[in-house]
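So the protein lines, in turn, are chains A and B.
In this text, residue positions in the first sequence follow this note's numbering: the first is 96, and each later residue adds one.
In this text, residue positions in the second sequence follow this note's numbering: the first is 25, and each later residue adds one.
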Amino acid sequence: MNLEKVIFGFFIILAMTLNFGFVIGELDNPVHHDVYELFFAIVVNLIATVLKFGERTQIGAIHLASSLVADLQLIAAAGVWATAVYLTGTGLTPGVTASIVSLAAGALAANVLSVIMLLVETVMFRR
Amino acid sequence: MHSTLFLILRRMRAPLILLILSYAVSILAMTLIPGVDANGRPAPPLDFFHAFYFVSYTATTIGFGEIPVAFSDAQRAWTIVTIYLTVIVWLYSIGTIFGLLQDPAMQRAIRANRFAAEVRRLRQPFYLIAGCGETGVLLLHALDSRNQQAVVLDIDPEQVGELELGQYQQDVPALTADARLPENLIAAGLHHPLCAGVIALTNDDPVNLSVAVTTKLLRPELPILCRADLLETAANMASFGVEDVVNAFETFGEHLGIAINNPGHHLLYQWLTGVPGEPLAMPMEPPRGTWLVCGYGRFGKAVARHLDKQGIQLVVVDEHPPAGHARTVVGRGTEAHTLLEAGIEQAVGIVAGTHDDINNLSIAMTARQLKPGLFVVLRQNRHANAALFQRFAAQATMQPSSIVAHEFLSLLTTPLLPRFFNLALQEGDAWADVTLSRIAAVVGDTVPEVWDRELSKTETLAIWQALSEGQTLRLGDLLRSPSNREENLACIPLLLKRGDEEILVPDSDTPLLDGDRILFCGEAHTRRQQALGLHDYNTLNYLLTGNQAPGGLVWRRLAGAGKS
């Protein structure tokens, strides 16, 4: 067992689970989507991205790419949220909530891809 | 590029994760700690947006204050933690970046990447030069003054550093790297489509050999020029098809022999292979008679062989009994009695050719004291001793680096020039003197530029057009000045090569054919003036007929209608 692998796997899976936790619920109901969960999802995703820096393999490159996609989507979701609540004052209407959650759902897809690749890698190099 | 980027990303992992964590903790706590309103009653904590805003300006030490409302004491307590935590992590991250940029491995990687990128971006033909010592610098200056691009590899960082400080018209990409490693040659553009040739001139024969082998294997069609100090290396290189191997000792020996028997030819060689713009060399006229050769190493042997070939009497002086020569004396040559024993009284010249500069000077000074009028040839091994050799002012000083540089230069820039010298040697001294005076009349007192022209569609479009229209062109037409056709350009045609036929110093009436190659010598601006007529049909037409013919299609038709 390798501590580095444990930490790496931990952050990737945590990024996915947090993301999943935020997305799940009715699409346009703000009560089902907690802002703290979005915050943690962003933080853990950023850490997972940094952990993937410097991988020279092909699979490492796709890992990094999927993480960057997830970051982008989550930060966009946070941006929509901040814009709606503070800049325009629209508040969390069902429409705004739906667009925040669907952006986060896109990030979830990228995170699921990351986890799949983690599994594929583990199966490929059974050691 | 990729390797440095990966290196930075890899090393920045820890600081970046710390940065994310410290921000996350600070923001999170700010969204949990209750605030206070204007009346001192508890108020809800900051939301994420304002917490991120607050931490962003606090962590970067900008510090706008307590926004949007005054903080509670609990929030202030946490702000203290936030400030120390994030500012320290920022310092750590920035420190890591600077440390990384100053890391020697990182700097090497950056320099190698920049070098490879510079080489990739080259858009004109260039020569790959391995080794940039004295020879390399001389060659580089000469190539640079001819607007030829070069790329340099050298194992010595100091040489590369001096190169960067040197005065060159063009940027010369240079890298500190071992030329023996194929990857370094590839980074220096061995596979680049514009690489015009590889020049190996390190002072280490095995390195030159490995550069030659690498080039022959990876780019067999590229011309390779190699320096070889040992005859075995030269033979080895020639065995696998290296086009030109230059051995400084052999070359000097050959030219010394020529200088003794045909001083005019030797002067011609010096004039035409010098660096353009420098003062013309004075004639060196070594006397015929008995010569002493002190030091029978690589240099001594080469000189002795070539002097023997010219039928000159020789006495060889060496510490170790020199084998394979008729008249020999054992001794260092630095003492008077050895030189007297070798017969310096009857000798006309002496070659001080050991591998030690101080011994060479000592031999020469002793010899001059014994016989003041003696012709002294000195071998200079180290450039650093130049001041001593200049002060002594021998009649001829042999400097391997400058000989190799001149040989390479003439091979590179004017492949016809060696042919010219070969043919010229078959002519007598009188011919050489006439040619010398013609050159001197044209170029004044500085070394002329030498160039060759190929008459072909790609090189000289106007000539090709005129020839394919059936016009008759004579060599004299290329010598007319484009500003006034009655005047002649200040240049001399030295050689015309047409297939296997070679005409030495062709006269102006020689008709020109497509595919001819002509070697000219003259001043640099003459070469540019001449090019006008070669590329521009209207200028050529003026040179041929004196008519300022209209250029465009319409004007040409109008002119034709007017005539008929």
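All C-beta atoms in this analysis are idealised placements derived from N, C-alpha and C, irrespective of residue type, glycine included.
Assuming C318 (chain B) and A360 (chain B) form a contact by the criterion Cβ under 8 Å, report the distance between their Cβ atoms to the nearest whole angstrom. A Cβ-Cβ separation of about 13 Å leaves C318 (chain B) out of contact with A360 (chain B) under the 8 Å criterion.
Within the continuous alpha helix (DSSP H) that includes R145 (chain B), where are the two ends? P128 to R145
In chain A, what lies closer than 8 Å to A109 (chain B) by C-beta? Correcting the residue type first, residue 109 (chain B) is Leu in the shown sequence and not Ala. Residues of chain A passing the Cβ test: none, with the nearest at roughly 15 Å.
Taking contact to mean 3 or more Cβ pairs, one atom from each stretch, closer than 8 Å, check whether the segment 432-450 of chain B and the segment 292-299 of chain B are in contact. yes
Buried or exposed by the 16-neighbour rule on C-beta atoms within 10 Å, applied to T152 (chain A): exposed
With a Cβ-Cβ cutoff of 8 Å, do I427 (chain B) and T275 (chain B) count as a contact? yes
Got a sec: is the Cβ-Cβ distance from L40 (chain B) to anything in chain A below 8 Å? yes
With a cut-off of 8 Å, does the C-beta of V138 (chain A) fall near any C-beta of chain B? yes
Is the number of C-beta pairs between the segment 150-169 of chain A and the segment 123-130 of chain A that are closer than 8 Å three or more? no
For K100 (chain A), does the count of other Cβ atoms within 10 angstroms reach 16, so buried, or fall short, so exposed? By the neighbour-count criterion, in which a residue is buried when 16 or more other Cβ atoms sit within 10 angstroms of its Cβ, K100 (chain A) is exposed.
E526 (chain B) (DSSP reduced to helix, strand or coil): strand
Helix, strand or coil: which one does DSSP assign to T82 (chain B)? helix
If you follow the alpha helix (DSSP H) that A165 (chain A) is in, where does it begin and where does it stop? Run containing A165 (chain A): Q153 to A177, per the alpha helix (DSSP H) assignment.
DSSP state of P287 (chain B) mapped onto helix, strand, coil: helix
Quick check on DSSP: helix, strand or coil for T358 (chain B)? coil
Which residues does DSSP list as the beta-bridge partners of I223 (chain B)? DSSP lists B:I153 and B:L249 as partners of I223 (chain B).
Tell me, please, whether the CB atom of A156 (chain A) is closer than 8 Å to any CB atom in chain B? For A156 (chain A), the answer is no, since every Cβ of chain B falls outside 8 Å of its Cβ.
Measuring straight from C-alpha to C-alpha, what distance separates A388 (chain B) and L291 (chain B)? A388 (chain B) and L291 (chain B) have their C-alpha atoms spaced approximately 24 Å apart.
Buried or exposed for H344 (chain B), going by 16 or more other Cβ atoms inside 10 Å? exposed
At 9 Å on the CB atoms, spell out the chain A contacts of L479 (chain B), in chain order. Those within 9 Å of L479 (chain B) in chain A number zero; the least Cβ separation is about 54 Å.
Kindly identify the DSSP beta-bridge partner or partners of L519 (chain B). B:L528 and B:L543
Per-residue DSSP class, three states only, for Q173 (chain B): strand
Given a threshold of 16 other Cβ atoms within 10 Å of its Cβ, counted over all protein chains shown, does R145 (chain B) qualify as buried or as exposed? exposed
With DSSP as the reference, label I181 (chain B) as helix, strand or coil. Sequence inspection shows Pro at residue 181 (chain B); the Ile mentioned does not correspond to that position. Taken through DSSP and simplified to helix, strand or coil, P181 (chain B) comes out as helix.
Would Y561 (chain B) pass as a contact of Q489 (chain B) if the rule is Cβ separation under 8 Å? yes
Of the listed residues A:M219, A:T192, A:L208 and A:V210, nearest to N124 (chain A) (C-alpha basis): For the residues A:M219, A:T192, A:L208 and A:V210, the minimum Cα distance to N124 (chain A) belongs to A:T192.
How about V401 (chain B) and G373 (chain B): do their beta carbons lie closer than 8 Å? Remark: C-beta atoms of V401 (chain B) and G373 (chain B) approach each other more closely than 8 Å.
Contact belief for L218 (chain B) with F150 (chain B) at Cβ below 8 Å, rounded distance in angstroms: Correct: roughly 6 Å between the Cβ atoms.
Where A177 (chain A) meets chain B, residues with beta-carbon distance less than 7 Å: F73
Bridge partners - G373 (chain B), DSSP secondary structure assignment: B:W315 and B:F399
CA-to-CA distance, F134 (chain A) to F78 (chain B), given in whole angstroms: Straight-line measurement puts the Cα of F134 (chain A) at about 16 Å from the Cα of F78 (chain B).
Which residues in the same chain have their Cβ closer than 6 Å to the Cβ of F139 (chain B), if we skip the five residues on either side of it in sequence? Contacts found: P197 and L199.
Identify, in the order they occur along the chain, each residue of the same chain with its Cβ nearer than 7 Å to the Cβ of A179 (chain A), setting aside the five sequence neighbours on each side. Once the five neighbours on either side are set aside, the close Cβ partners of A179 (chain A) are T185, G186, L187 and V191.
Given 7 Å as the limit, tell me if R251 (chain B) has its C-beta closer than that to any heavy atom belonging to the ligand ADP. Judged by which ligands are present, the structure shown has none, so any question about the ligand ADP falls away.
Can you pull the chain B residues whose beta carbon is under 8 Å from the beta carbon of I142 (chain A), in chain order? Those within 8 Å of I142 (chain A) in chain B are I41, I44 and L45.
Is it the case that the segment 493-504 of chain B contacts the segment 322-336 of chain B, given that we only count it when at least three CB pairs across the two stretches are under 8 Å? no
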